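In the numbering used here, the protein residues as written are 6 to 478.
Laid out in structure tokens, this is it:
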């Protein structure tokens, strides 16, 4: 056993951990990045954001091949080579990006250690390697970026691989004839969409009254309408009481109005949320405090209650988003270097990569209503967008939430093709306190979907060019 030393330990190599390591190394710190994964990149790169988006690209291709007959182009039914698809996802996508992270570690002088780290005290961590050997590592400061894991209630832990979490669903063991998706959040919607495109009969069960609970209904409505044509069934206000495994499939007991109480499926995907990874690596030995949900408590500088220990990303609180973790990484390192930084971003974009995509940032209309806050809401339908019509996808909507007195952009919501790419402009507008006129008077290229942001902004103080509302009175 060797005793190693480093100036900065970063525990966890995901979208919070490795950017933190890079930022610190770029400023001259001696950095050791510890991650127990086979490859760096964390859940996002290896078992989450990246592979799921690769599969959703495949789903989009399949759906477009089916729908193109409406505009005079007919394809033969696609043939799915699952082994080749799996290899492409694992090697050409995930492997390439993970290899890039490892190479960037080398180029920056970050010491990357593939081992499980367990804190022995607030300045020492034990490293356990895959071969069972161990070392200890002494550090001056540490950033904890251990991420999160799928939450699986005991009632669903039946010990059968046909009951999957998001990681299992991404492994592409087969194309199930029938798939039950438990949970109508973004993970369930994305993975359900993918398997439906491959030919699975997808049944979605959500225990609340709506898909994407808490999201703006104006944004969810076009997506739900489309999914109702792709999924076998969507059951809202419905609960999965239990699961049981048998040779013929996984049987689910359901309670909900108009729902058959017992149904059997080839596979089940549990997508009801995630929990922070704050246990199992000796955090208690450091004295770091966690809250009742298991999140590490941090202040606006990402400091824990132990002065030289920091936490970022999913383990440090919601929203559990990769890009939030990356921004927190930069803030934490700046603080460690002696800067005055704080995490004070007011616009954290969220994207659901379904088809159509949904994206939003800043204040939403439901939040404004809950806060009893006076706002002006303007909407621009993509039925009036030239670009949307050329794509044969005019179901979209762009929505602005504006302060009625100052015309400041408080929030933006978009549903439609490419909404995830469009939300960046909106996020910049909210973050920089732009007013509607800033967006309306910025020249947007034509024909593009981004023009819908400009036209929505025009509606704040007048008429949008391609939309007309009769004057009242």
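A virtual CB, placed ideally from N, CA and C, is assigned to each residue, including glycine.
Predicted model only: the values in this text are computed from it and were never measured.
Proximal residues to residue 275 (C-beta, below 6 Å), its chain only, five neighbours per side dropped: 157, 161, 170 and 187
May I have the straight-line CA-CA distance separating residue 221 from residue 214, to the nearest angstrom? 13 Å
Considering only their Cβ atoms, is the gap separating residue 19 from residue 105 smaller than 8 Å? no
Could you tell me whether the segment 228–246 touches the segment 257–271, where touching means 3 or more Cβ pairs closer than 8 Å? yes
Starting from residue 223, follow the alpha helix (DSSP H) in both directions and report where the run begins and ends. 222–235
Check the DSSP bridge columns for residue 359 and list the partner residues they point to. Residue 359 is not bridged to any residue.
Helix, strand or coil, according to DSSP, for residue 315 in the structure here? Reduced to three states, the DSSP call for residue 315 is strand.
If distances are taken between C-alpha atoms only, which option among 470, 458 and 155 comes closest to residue 424? 458
Going by beta-carbon coordinates alone, are residue 536 and residue 23 separated by less than 8 Å? Limits of the chain in this structure are 6 at one end and 478 at the other, which puts residue 536 out of reach.
Would you kindly check if the distance between the Cβ of residue 142 and the Cβ of residue 132 is under 8 Å? For residue 132 and residue 142, yes; Cβs fall inside 8 Å.
When you compare only the Cα positions, how much space is there between residue 9 and residue 446? 58 Å
Flag this pair as yes or no: are the beta carbons of residue 60 and residue 37 separated by less than 8 Å? Pairing residue 60 with residue 37 gives a Cβ-Cβ distance that is not under 8 Å.
So, with DSSP's three-state summary, where would you put residue 86? Looking at residue 86 - three-state DSSP - the assignment turns out to be coil, as it is neither helix nor strand.
Residues in the same chain with beta-carbon distance under 8 Å from residue 300, minus the five sequence neighbours each way, listed in chain order, please. 281, 283, 320, 321, 322 and 323
If you draw a straight line from the alpha carbon of residue 205 to that of residue 67, how long is it in whole angstroms? 13 Å
Spatial neighbours of residue 462 within its chain, please: CB distance less than 7 Å, with the 5 preceding and 5 following residues excluded, ordered by chain position. 405, 441, 444 and 445
In chain order, what are the residue ranges of uninterrupted beta strand (DSSP E) at least 3 long that sit wholly in the segment 322–391? Fully contained in the segment 322–391 are the following beta strand (DSSP E) runs of length 3 or more, in chain order: 355–357, 362–367 and 381–386.
Got a sec? Which residues, its chain only, sit under 6 Å from residue 389 by beta carbon, not counting five neighbours each side? 471 and 472
My assumption, with CB atoms under 8 Å, is that residue 454 sits in contact with residue 416. Please give the rounded CB distance. Not really, about 19 Å apart at Cβ, beyond 8 Å.
Return the residue from the list 116, 410 and 260 that minimises the CA-CA distance to residue 210. 260
Decide if residue 111 is buried, meaning its Cβ has at least 16 other Cβ atoms within 10 Å, or exposed. Exposed, since its Cβ has fewer than 16 Cβ neighbours within 10 Å.
Under a Cβ-count criterion, where at least 16 other Cβ atoms within 10 Å of its own Cβ denotes burial, should residue 146 be classed as buried or exposed? buried
Any alpha helix (DSSP H) of 4 or more consecutive residues that is wholly inside the segment 428–463: Entirely contained in the segment 428–463, the alpha helix (DSSP H) runs reaching 4 residues are, in chain order, 441–445.
Distance between residue 413 and residue 466 (C-alpha atoms, nearest Å): 12 Å
Looking at the secondary structure, which residues open and close the beta strand (DSSP E) in which residue 251 lies? 244–251
Considering only the beta carbon of each residue, do residue 334 and residue 30 sit closer than 8 Å? no
Unbroken beta strand (DSSP E) run spanning residue 240, endpoints: 238–240
Helix, strand or coil: how does DSSP classify residue 44 here? Residue 44 falls in the coil class under three-state DSSP.
By the three-class DSSP mapping on this structure, what secondary structure does residue 205 have? coil
Unbroken beta strand (DSSP E) runs of length 3 or more, entirely within the segment 17–81: which are they? 36–40
Please list the segments of the alpha helix (DSSP H) lying wholly inside the segment 173–207, counting only runs of 4 or more residues, in order along the chain. Runs of the alpha helix (DSSP H) lying entirely within the segment 173–207 and spanning at least 4 residues, in chain order: 191–203.
Cut-off 8 Å between Cβ atoms - residues of its own chain near residue 567, not counting five sequence neighbours on either side: No information on residue 567 is available, as it lies outside the stretch 6 to 478 that the chain covers here.
Is it the case that the Cβ atoms of residue 479 and residue 311 are separated by a distance below 8 Å? This structure cannot speak to residue 479, because the chain is shown only from 6 to 478.
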